[in-house]
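Chemist: Pasting a structure here, questions to come.
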């Protein structure tokens, strides 16, 4: 689950991680009021669940009320990679002596949380990682030990020489780790963490994401959820037991299993078509699930064809075929539906579907080709 | 540091460990009032920093106001192994179906905290350990893992068969471990933990001691200190940098180092004398320390002779000898002082002491024999 | 031969009295897997279709000599179940449970490591050595005995591939679903090493997907250490960045974890990468002759 | 020969800029110990009497190749210092600091174990291999080279015994003060095993005290595994139960840890137990002829 910068900074403040003061604003008037109360160099930042705000014009400095007003007018309501900006963070701009990168993520290779730090802060860390990987220091955190003083200090010495700065950074590493672990985060990033001319170390940006699987034990994090339009659809899908991601094509996909669902989208693309979505309906495929999934797909008016790809494993394909017929009786639609059934008793399943409105086929590639053909008719 | 049962039960309550309700009382009137408010079978228990209260008559049941009053009169003010009873815990007596032993201690062999449990509760666990060790189950706790659910359950199954009882006991094990670790305890004992006829598991006694070295980070535990007379002297000694334990003999001992101090006491006993105390004045032996230590020893009117046994290590014996002379100039006393100096430059040190009021000798055994001789003159 | 499990494997089922646990315990037993016991605290002494139930894993191991466990407990209890299995000294633990918080897996792994317990999963379909033992939730009838070893991050996609293999007369030594979570137990490289050392495995199929850099590392490892032919397939070529495709691990973070990178890495390591699952048998045949 | 330390031992001093750290670093260096560096965060680049100071143990190890460390930091920082030493991969750590909370020692030990780092202490005088290396705070002049190995829970009592040994012409291979705390690193049995394997050690002196059952376990171990003559002394025969005699570990809990029990255990294992420290050289001579 993603949260906004202003929310991450509120969590930072709860954990005594130093940040620059700021306030979230939903209207131009609120921005004006906030600017007036600060009356100093201020930064206005779009709050959206997508990276690259700066490049998209979603972050502006203002040293006059006029400039702050202009920034608010420009940023509020703008579209950044399909995300509409509904709020901005208005924050006191800090004087920057140097910028650093600090980030915790879970790491598949070390099978632990890792802390990454770099003197190359304030820029795209992925680019640093790709071009000058030696400038990023990575430390795997032993979950039993956490982030002891010596380790936090050792890491801070990679960024700073002066013990005064080292101690401030070390404490930030420790507090951020505490926040990361206690809230089941999957990312906690400060980019940049800065050193000010008066030798303070603080976080002037903050990014956090959380483990969906652990939200059940963090209602206080769940409360921070501010889903945008796309995310609302995905959440609705999740409430039905689906994994769903909307795309821009015209072939609606319904598949059991995430890997097979991805492979299905790939197959459509391979044969020249465009998938309208990723949809994993999960392990089983009972009639109600099919009805719910169809309704979800048909909400997307771009969808011209639906392609159902089911691997009958423990549930046999003949049972699945009967379920599909039951399901489709409840759905009134002219959209053609291509069905491919494989696995246990697949021949029997395919036989049952023959003679129905379903376009029943035997293989994934046939299904993809048939679906593409139907979009063109 | 030792605390009383009633204090341990207050900590238990803070950690949601179920206990039988009770109230600490300092006077007979308070006991009467408490009994009236409970108006049921009640137990009156002496609160002293020493074991064996029950055998000494310090624990009485009362099912009438009269009996409660008698118990209060008898127990308040009584002497248990040299400890005067200044308060009692008056608690609602619980119905007991079965009794169990539960205790955490730090263990030198596994180098960890261990949990010991036994179905032989309510009796002296040391006796069970000596006679039927197989009736005590011991579990070393990995500090990184703590007391996970499965382990607490596994241990609880050693005491109970019914999952309802197992779950209650497992939670007690976990909460007691949390208390033990969070407060730096060195002992956390429930003897007995009981099962009641209505299938509740609860602690009806509680004993805790704490790591003196860790008290600096637990002011809330330090606040629980209720030192009795002997403990007050030991605390005063500690404030001077000494380790001190009062004994019943007449030879006051002053030694640098705990092991050597014990060996000195042993030596006195070996030659037929009786040490008045254990006193370790620590690593160095500057004149002020000697003055403070002498004053401490001379407060004990039983002391007839003082025996100083110093190993001159890094500090040379000749410097120590000069320090002793300086120190004794400040102390007006007729008590004879035997001094034995060994180690670096011991010959020189002994030479300096010759011709002074000190009875200077060369070996520990000479010192002990001389001291004993002087007690008899 | 096979890797990790065979006819000798003695299995216990943690969470055997739950809906999934009892269903799959019975299925696995019917399939010939040596299911020697189950664990469910407080249900000790009962039995599920003839499988004895114990209160603790330790009790089950003592009574049955089990060396392997499969976990079906709810997500919130999975960490504890993994640690209990480790503490009881099992050699192998398969965690089927999905939705386990990543921090719980990270927290349980040191216990497993300490006791030398290998884990597969969580959020995985399990593994099967056809004709010998099945420990998982896969449909056994699509598998067949043979000489191909398979490793996959996916469930149904694995079945899709296995179906193609079996229909093309290419049986399997062992098929392992390692799961789609961001942090998991045994991974591609661990299993490749085992297949390399298994005399009966003649070729290996690796089914990867977007997210992370496990496939890139695997490719580098194959180039260095694997002499047997390897064919790969990567799902998620059309996935957009920043979106989680079902599996928590299947997410392209800015600039890394894409299918293109993974395919390129495999190809650079001399691994044939199938364009679609149906192509895998032909690629294998080409390399195995 | 010797155990644990010798002329090759390269030592760093953690907390070298503190009062005790700088004093003893200088003393040890003067005594011929190979003190290659010190650690004090923020003081990196400075030097103490010619000994270079580093910001972290890792830096010190990288620059100097140190394999051993001695810790003089205040009690509240000892846990962190032990863990830092372990993480830097040192072979041996001697923790002199007294007053370390027992829970901190327990919490640090898994880190030490993980990296295979041995520890002596805390709250100990250190150890010395006379003529080779001294790592600790003992008075070096009382020691002499020879063939007796010594292990002790006490400080000055050890010096008392060593003084008797040296004056009786009985030099030492290595003398180790394991410390008087309830939980500590290397203990009697670990060191007895090393002495048994050290060709130059011909006899062993064990100085125990009341509290715990380490001496009883040690006696059982000696009976089973030690072929060299062992003489023991136990301090605290006159200590009352329930009172801590200076050392946190020296406390007789109800019914166990008494000197009588320990002496009986040693005697049952064929170990001569001295009535007073001065008797030890004679007992050794009797056994070594």
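Chains as they are written, first to last, in the working numbering: chain A, 1 to 377; chain B, 378 to 754; chain C, 755 to 1043; chain D, 1044 to 1332. In this text, a Cβ means the ideal position worked out from N, Cα and C, and glycines have one as well.
(1) Which of the three DSSP states is assigned to residue 781/C in this structure?
(2) Report yes if the CB atom of residue 708/B is closer than 8 Å to the CB atom of residue 671/B, and no otherwise.
(3) To the nearest angstrom, report how far apart residue 380/B and residue 568/B are at their CA atoms.
(4) Indicate the three-state DSSP secondary structure (helix, strand or coil) for residue 1330/D in the structure shown.
(5) Report the three-state DSSP secondary structure of residue 109/A (helix, strand or coil).
(6) Residues of chain A with a CB under 8 Å from the CB of residue 1018/C: which are they?
(7) Give the straight-line distance between the Cα atoms of residue 949/C and residue 1044/D, rounded to the nearest whole angstrom.
(8) Could you please give the first and the last residue of the uninterrupted alpha helix (DSSP H) stretch that includes residue 860/C?
(9) Could you have a look at residue 654/B and say whether DSSP puts it in helix, strand or coil?
(10) Going straight from the alpha carbon of residue 1092/D to that of residue 681/B, what length do you get?
(11) Can you give the Cα-Cα distance for residue 973/C and residue 116/A, rounded to whole angstroms?
(12) To the nearest angstrom, report how far apart residue 1061/D and residue 462/B are at their CA atoms.
(13) To the nearest angstrom, how far is it from the Cα of residue 691/B to the Cα of residue 718/B?
(14) Say whether the stretch 1279 to 1296 of chain D touches the stretch 1202 to 1210 of chain D, bearing in mind that this needs 3 or more beta-carbon pairs closer than 8 Å, one atom from each stretch.
(15) In its own chain, which residues sit with a C-beta less than 8 Å from the C-beta of residue 170/A, not counting the 5 before and 5 after it?
(16) If the cut is a Cβ gap below 9 Å, which residues of chain D does residue 616/B touch?
(17) Count the other CB atoms within 10 Å of the CB of residue 762/C; is the residue buried (16 or more) or exposed (fewer)?
(18) May I ask you to report which of helix, strand or coil DSSP gives residue 1198/D?
(19) Hey, out of 890/C, 868/C and 838/C, whose CA is closest to residue 786/C's CA?
(20) Rounded to whole angstroms, what's the CA-CA distance from residue 1016/C to residue 939/C? Just pull it up for me.
(21) For residue 1273/D, count neighbouring Cβ atoms within 10 angstroms of its own Cβ and tell me buried if that reaches 16, exposed if not.
(22) For residue 1032/C, does the three-state DSSP call read helix, strand or coil?
(23) Quick one: residues in its chain with C-beta nearer than 6 Å to the C-beta of residue 1107/D, no 5 flanking neighbours on either side, listed in chain order?
(24) Would you please verify whether the beta carbon of residue 841/C is less than 8 Å from any beta carbon of chain B?
(25) Entirely within the stretch 794 to 833 of chain C and at least 3 residues each: give me those beta strand (DSSP E) ranges in chain order.
(26) With respect to the alpha helix (DSSP H) encompassing residue 34/A, which residues constitute its N-terminal and C-terminal limits?
(27) Which partner residues does residue 887/C have in the DSSP bridge list?
(28) When the cut-off is 8 Å and only beta carbons count, does residue 1134/D lie next to chain B?
(29) Buried or exposed: which applies to residue 907/C, given that a residue is buried once 16 or more other Cβ atoms fall within 10 Å of its Cβ?
(30) Sort 1290/D, 1276/D, 1326/D and 1328/D by Cα distance to residue 1303/D and report the nearest one.
(31) Could you tell me whether the Cβ of residue 181/A comes closer than 8 Å to any Cβ of chain D?
(32) Identify, in the order they occur along the chain, each residue of the same chain with its Cβ nearer than 8 Å to the Cβ of residue 788/C, setting aside the five sequence neighbours on each side.
(33) Taking one C-beta from the stretch 210 to 226 of chain A and one from the stretch 865 to 872 of chain C each time, how about it: are there three or more such pairs within less than 8 Å?
(34) Among 1320/D, 1102/D and 1056/D, which one has its Cα closest to the Cα of residue 636/B?
(35) Quick one: what's residue 140/A bridged to in DSSP?
(36) Examine the Cβ distances between the stretch 277 to 291 of chain A and the stretch 401 to 410 of chain B and report whether three or more of them are shorter than 8 Å.
Modeler: If we stick to the structure as given:
(1) In the third chain, counting from the first residue as 1, residue 781/C sits at position 27. In this structure, residue 781/C counts as helix in the three-state DSSP scheme.
(2) Reading the second chain from its first residue, position 331 is the one you call residue 708/B. Reading the second chain from its first residue, position 294 is the one you call residue 671/B. Result yes, Cβ atoms of residue 708/B and residue 671/B sit closer than 8 Å.
(3) As a working mapping, residue 380/B is identified with position 3 in the second chain. As a working mapping, residue 568/B is identified with position 191 in the second chain. Computed Cα separation, rounded: 16 Å.
(4) For this step, residue 1330/D is matched to residue 287 along the fourth chain. The answer is helix: DSSP assigns residue 1330/D an H, G or I state.
(5) Taking the first chain and counting its residues from 1, the one referred to as residue 109/A is at position 109. In this structure, residue 109/A counts as coil in the three-state DSSP scheme.
(6) Sequence index remark: in the third chain, residue 1018/C carries index 264 (1-based). Near residue 1018/C there are no residues of chain A at all, since even the closest Cβ is about 14 Å away, more than 8 Å.
(7) As a working note, residue 949/C is residue 195 in the third chain. As a working note, residue 1044/D is residue 1 in the fourth chain. Cα-Cα distance, rounded: 48 Å.
(8) Within the third chain, residue 860/C is the residue found at index 106, counting from 1. Taken as a continuous stretch (DSSP letters only), the alpha helix (DSSP H) holding residue 860/C covers 856 to 868.
(9) Reading the second chain from its first residue, position 277 is the one you call residue 654/B. Here residue 654/B sits in strand by DSSP.
(10) For the purposes of this step, residue 1092/D is taken as residue 49 along the fourth chain, with counting starting at 1. For the purposes of this step, residue 681/B is taken as residue 304 along the second chain, with counting starting at 1. Between residue 1092/D and residue 681/B, the C-alpha separation is close to 49 Å.
(11) Within the third chain, the letter at position 219 stands for residue 973/C. Within the first chain, the letter at position 116 stands for residue 116/A. Rounded to the nearest angstrom, the two C-alpha atoms are 24 Å apart.
(12) As a first step, residue 1061/D is located in the fourth chain; it is residue number 18 there, counting from the start. As a first step, residue 462/B is located in the second chain; it is residue number 85 there, counting from the start. Straight-line Cα distance between these residues: approximately 46 Å.
(13) Stepping through the second chain from its first residue, residue 691/B is reached at position 314. Stepping through the second chain from its first residue, residue 718/B is reached at position 341. Each residue's Cα considered, the two are about 13 Å apart.
(14) no
(15) Along the first chain, read from residue 1 onward, the residue named residue 170/A stands at position 170. For residue 170/A, where only same-chain residues beyond five positions count, the Cβ hits under 8 Å are 149, 152, 153, 155 and 156.
(16) Indexing the second chain from 1 puts residue 616/B at position 239. Result: empty, since nearest Cβ-Cβ is about 14 Å, beyond 9 Å.
(17) Stepping through the third chain from its first residue, residue 762/C is reached at position 8. Answer is exposed; the Cβ neighbour count stays below 16.
(18) If you number the fourth chain from 1, residue 1198/D lands on position 155. In the structure shown, residue 1198/D sits in coil (DSSP, three-state: anything other than H, G, I, E or B).
(19) Locating residue 786/C in the third chain gives position 32, where the first residue counts as 1. The shortest C-alpha separation from residue 786/C is found at 890/C.
(20) Sequence index remark: in the third chain, residue 1016/C carries index 262 (1-based). Sequence index remark: in the third chain, residue 939/C carries index 185 (1-based). Each residue's Cα considered, the two are about 21 Å apart.
(21) As a working mapping, residue 1273/D is identified with position 230 in the fourth chain. The residue is buried, with at least 16 neighbouring Cβ atoms inside 10 Å.
(22) Start at 1 with the first residue of the third chain, and residue 1032/C comes out as number 278. Note: residue 1032/C maps to helix in three-state DSSP.
(23) The count along the fourth chain starts at 1 and reaches residue 1107/D at position 64. Result list for residue 1107/D: 1079 and 1080, in chain order.
(24) Looking up residue 841/C in the third chain gives position 87. Closer than 8 Å: yes.
(25) Whole beta strand (DSSP E) segments, 3+ residues: 805 to 808 and 822 to 825.
(26) The sequence position of residue 34/A within the first chain is 34, counting from 1. Where residue 34/A is concerned, the enclosing alpha helix (DSSP H) stretches over 28 to 38.
(27) Within the third chain, numbered from 1, the residue matching residue 887/C stands at position 133. Answer is 883/C.
(28) What you label residue 1134/D is simply residue 91 of the fourth chain in a count that begins at 1. Judged by the 8 Å Cβ criterion, residue 1134/D is not in contact with chain B.
(29) Here residue 907/C is taken as the residue at index 153 of the third chain, counted from 1. Looking at its Cβ environment, which holds 16 or more other Cβ atoms inside 10 Å, residue 907/C is buried.
(30) Counted from its first residue, the fourth chain places residue 1303/D at position 260. For the residues 1290/D, 1276/D, 1326/D and 1328/D, the minimum Cα distance to residue 1303/D belongs to 1276/D.
(31) Counted from its first residue, the first chain places residue 181/A at position 181. No, no contact with chain D.
(32) As a first step, residue 788/C is located in the third chain; it is residue number 34 there, counting from the start. Correct list, in chain order: 761, 762, 763, 764, 765 and 887.
(33) Three or more Cβ pairs closer than 8 Å define a contact, and the stretch 210 to 226 of chain A falls short of that threshold against the stretch 865 to 872 of chain C.
(34) Counted from its first residue, the second chain places residue 636/B at position 259. Taking only the C-alpha atoms, the option nearest residue 636/B is 1320/D.
(35) Counted from its first residue, the first chain places residue 140/A at position 140. Note: residue 140/A sits in a beta bridge opposite 114/A.
(36) no
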